[in-house]
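*Asks:*
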Amino acid sequence: MNWLLLFVPVAVGLEHFAPERHLLIFLVSSLAILPLAAWMGRATEHLAERLGEGPGGLLNATFGNAAELIIAIAAMRAGLHDVVKASIAGSIVGNILLVLGAAMLAGGIIHREQRFNATGARAQAVMLTLAAIALILPAAYRSAVGAGAAQALVLLSVSISIVLLLVYGLYLAFTLVTHSSLFLGSHAPADEKAHSPPWPAPRAALVLGAATAVIAWMSEILVGSIQPTARAFGLSSTFVGVFVVAILGNAAEHATAVTAAMKGRMDLSLSIAIGSSVQVALFVAPVLMLVSLVLGPAPMDLAFPAGLVLIMLLSVLITGQVAGDGRSDWLKGIQLLAVYVVLGLTFFFLPDTAPR
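Be aware that the sequence shown starts at 36, since it is given in this note's numbering, and climbs by one per residue.
See below:
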């Protein structure tokens with residue numbers, strides 16, 4: 036994947052010398068982000084090993100969705116609140132349906148049936164249900180009071196964001212300290228890296244900082260081309276946010292989940308998929324809302340469009356079904372992927388002017 040780093044200077048050159056080539060800029064900057072996200076994840080893992088189990092687990096949890104957070108902040112600064120909300124919902128849905136489905140399918144082809152810790156998986160599923168409720172209620176409030184209570188909606192969103200961040204902190208204490216035995220493998224490195232020594236801390240920190248900075252740069256370029264590209268193909272900004280932007284930030288992590296399932300490490304794969312969705316709902320979404328008060332052209336509330344509310348609710352419900360019995364096979368993977376494809380087709384045919 037490292038050869039994709041060649042697209043970084045190409046994206047910069049296109050932005051300066053051919054700014055009207057929006058589609059090409061979108062494609063090139065998207066490809067440039069993929070290896071950068073992988074390097075960020077690799078540096079985070081090595082630095083976490085150097086810091087030890089407790090601080091290392093916290094670092095992994097904090098930077099697990101850093102690339103996606105950076106892309107969303109860039110979109111938020113550009114005033115693309117609909118894209119930001121779509122990417123949040125898309126990340127939650129994509130991790131549960133696409134990533135977990137692909138992992139179960141790939142793992143089920145190699146291993147007839149795999150077992151995982153149902154107790155830990157159910158705990159994550161319940162936490163995701165709590166987060167989904169918190170993200171759904173602002174939309175219900177807006178529907179009840181109408182558009183005239185915008186200021187009250189922002190205040191409600193701030194309050195909910197603070198609650199979610201507090202719950203996320205307690206969730207980290209639960210998974211990393213008091214009940215860490217239920218989540219063994221959640222922050223473990225991949226098998227092939229287990230026998231290699233971690234990078235020195237200065238090197239890991241330098242790579243992490245450099246990757247973060249370049250991702251922020253590429254994200255600014257990417258965000259500037261989103262709307263022209265969507266208009267050129269007749270796509271809604273919701274589709275782009277849910278099924279393009281959301282996938283870009285977590286591509287490297289997605290590959291790790293599938294690889295882990297193929298190696299028989301279904302607990303790790305499930306933790307990456309569901310755990311990442313929990314992190315987006317409890318950490319990324321409230322952080323973006325609070326950051327919008329400072330960096331955005333206008334505050335971003337947590338009132339998601341009806342379509343996004345529906346797909347998040349359905350995805351959370353199916354997570355409880357999948358995590359309930361502690362086993363996985365290829366048919367479960369097919370079922371999750373089929374739901375994701377149906378959702379993708381629905382949003383693909385949704386015009387940008389349709390009510391959402």
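C-beta: ideal position from N, C-alpha, C; glycine also.
Small disclaimer: the values here were computed from a predicted structure and weren't measured.
(1) When you compare each of Leu39, His214, Leu165 and Glu255 to Leu348 by their alpha carbons, which one comes out closest?
(2) Let me know the secondary structure DSSP gives Arg150 once reduced to three states.
(3) Using the C-alpha atoms, what's the distance from Leu325 back to Ser196?
(4) Answer yes or no: do Arg157 and Gly359 have a C-beta to C-beta separation smaller than 8 Å?
(5) Less than 8 Å between the CB atoms is what I'm expecting for Ser122 and Ala107, so what's the real figure, rounded?
(6) What separation, rounded to the nearest whole angstrom, lies between the Cα atoms of Ala73 and Ala286?
(7) May I have the straight-line CA-CA distance separating Thr381 from Ile307, to the nearest angstrom?
(8) What is the DSSP secondary structure of Ser231, counted as helix, strand or coil?
(9) Assuming contact is defined by CB atoms lying nearer than 8 Å, are Ala124 and Val279 in contact in what I supplied?
(10) When DSSP labels each residue in this structure, what does Ser271 get in the three-state scheme?
(11) Taking the alpha helix (DSSP H) that Asp302 belongs to, which residues open and close that run?
(12) CB-CB under 7 Å to Tyr203, same chain, minus the five flanking residues each way: which ones, in chain order?
(13) Check for me: the alpha helix (DSSP H) holding Phe52 runs from which residue to which?
(14) With H, G and I counted as helix, E and B as strand and the rest as coil, what does DSSP make of Arg56?
(15) Can you list, in chain order, the residues of its chain with a C-beta nearer than 6 Å to that of Ile353? Leave out the 5 residues immediately preceding and following it.
(16) If you count every other CB in all the chains shown that lies within 10 Å of the CB of Pro321, and 16 or more means buried, which is it?
(17) Assign Val377 to buried or exposed, taking buried as 16 or more other Cβ atoms, counted over all protein chains shown, within 10 Å of its Cβ.
(18) Spatial neighbours of Ser178 within its chain, please: C-beta separation below 6 Å, excluding the five flanking residues on both sides.
(19) How far does the alpha helix (DSSP H) with Val319 in it reach, from first residue to last?
(20) For Arg362, which residues does DSSP report across the bridge?
(21) When burial is assigned at 16 or more other CB atoms within 10 Å of the CB, is Leu395 buried or exposed?
(22) If you measure between the beta carbons of Ala137 and Met297, is that distance less than 8 Å?
(23) Going along the chain, which residues of its own chain have a beta-carbon closer than 6 Å to the beta-carbon of Ile145, five neighbours each way excluded?
(24) For a test of the three-state rule: what should DSSP assign to Leu337, helix, strand or coil?
(25) Please look up how many angstroms separate the CB atoms of Met139 and Ser363, rounded, as I've assumed it's under 8 Å.
(26) In the structure shown, what three-state DSSP assignment does Ala141 receive?
(27) Please confirm whether Val212 and Leu115 have their CB atoms less than 8 Å apart.
(28) Please identify the residue among Leu372, Leu71, Gly155 and Phe98 whose C-alpha is closest to the C-alpha of Leu303.
(29) Which term fits Arg300, buried or exposed, when burial requires 16 or more other beta carbons within 10 angstroms of its beta carbon?
(30) Suppose you measure from the CA of Ala240 to the CA of Ala83; what does that come to, to the nearest Å?
(31) Please identify the residue among Leu133, Glu50, Ala46 and Val47 whose C-alpha is closest to the C-alpha of Ala292.
*Replies:* So, to answer that:
(1) Comparing alpha-carbon positions, the option among Leu39, His214, Leu165 and Glu255 lying closest to Leu348 turns out to be Leu165.
(2) Correct three-state label for Arg150: strand.
(3) Taking the straight line joining both Cα atoms gives about 7 Å.
(4) Contact annotation: Arg157 and Gly359 have beta-carbon atoms nearer than 8 Å.
(5) With 8 Å as the limit, Ser122 and Ala107 qualify as a contact, their Cβ atoms being about 6 Å apart.
(6) Cα to Cα, the separation comes out at about 8 Å.
(7) For Thr381 and Ile307, the distance between alpha carbons rounds to 27 Å.
(8) In the structure shown, Ser231 sits in coil (DSSP, three-state: anything other than H, G, I, E or B).
(9) In this structure, Val279 does not lie closer than 8 Å to Ala124 by Cβ.
(10) It is coil, neither helix nor strand.
(11) Per DSSP, Asp302 belongs to the alpha helix (DSSP H) from Met301 to Gln314.
(12) Cβ neighbours of Tyr203 beyond the five flanking positions: Leu317 and Phe318.
(13) Counting along the chain, Phe52 sits inside the alpha helix (DSSP H) bounded by residues Phe42 to Phe52.
(14) Residue state for Arg56 is assigned as coil, using DSSP reduced to three classes.
(15) Within the same chain, Ile353 has no close Cβ partners at all.
(16) Taking a 10 Å sphere around the C-beta of Pro321, we find 16 or more other C-beta atoms and assign the residue as buried.
(17) Looking at its Cβ environment, which holds fewer than 16 other Cβ atoms inside 10 Å, Val377 is exposed.
(18) Counting only residues of its own chain and dropping the five nearest sequence neighbours on each side, Ser178 has no CB closer than 6 Å to any other CB.
(19) Counting along the chain, Val319 sits inside no alpha helix (DSSP H), nor does DSSP assign it H or E at all.
(20) Partner(s): Arg150.
(21) Any property of residue 395 remains undetermined from this structure, which presents the chain solely from 36 to 391.
(22) Cβ atoms of Ala137 and Met297: not closer than 8 Å.
(23) Beyond the five residues adjoining it in sequence on each side, Ile145 comes within less than 6 Å, by CB distance, of Met297 in the same chain, given in chain order.
(24) If DSSP states are grouped into helix, strand and coil, Leu337 belongs with coil.
(25) Your pair Met139 and Ser363 checks out as a contact, with CB atoms roughly 5 Å apart and the cut at 8 Å.
(26) When DSSP states are grouped into helix, strand and coil, Ala141 belongs to the helix group.
(27) Using a Cβ distance threshold of 8 Å, Val212 and Leu115 do not count as a contacting pair.
(28) Nearest option by C-alpha distance: Gly155.
(29) Per the 10 Å Cβ criterion, buried.
(30) Each residue's alpha carbon lies about 10 Å from the other.
(31) Per the Cα distances, Leu133.
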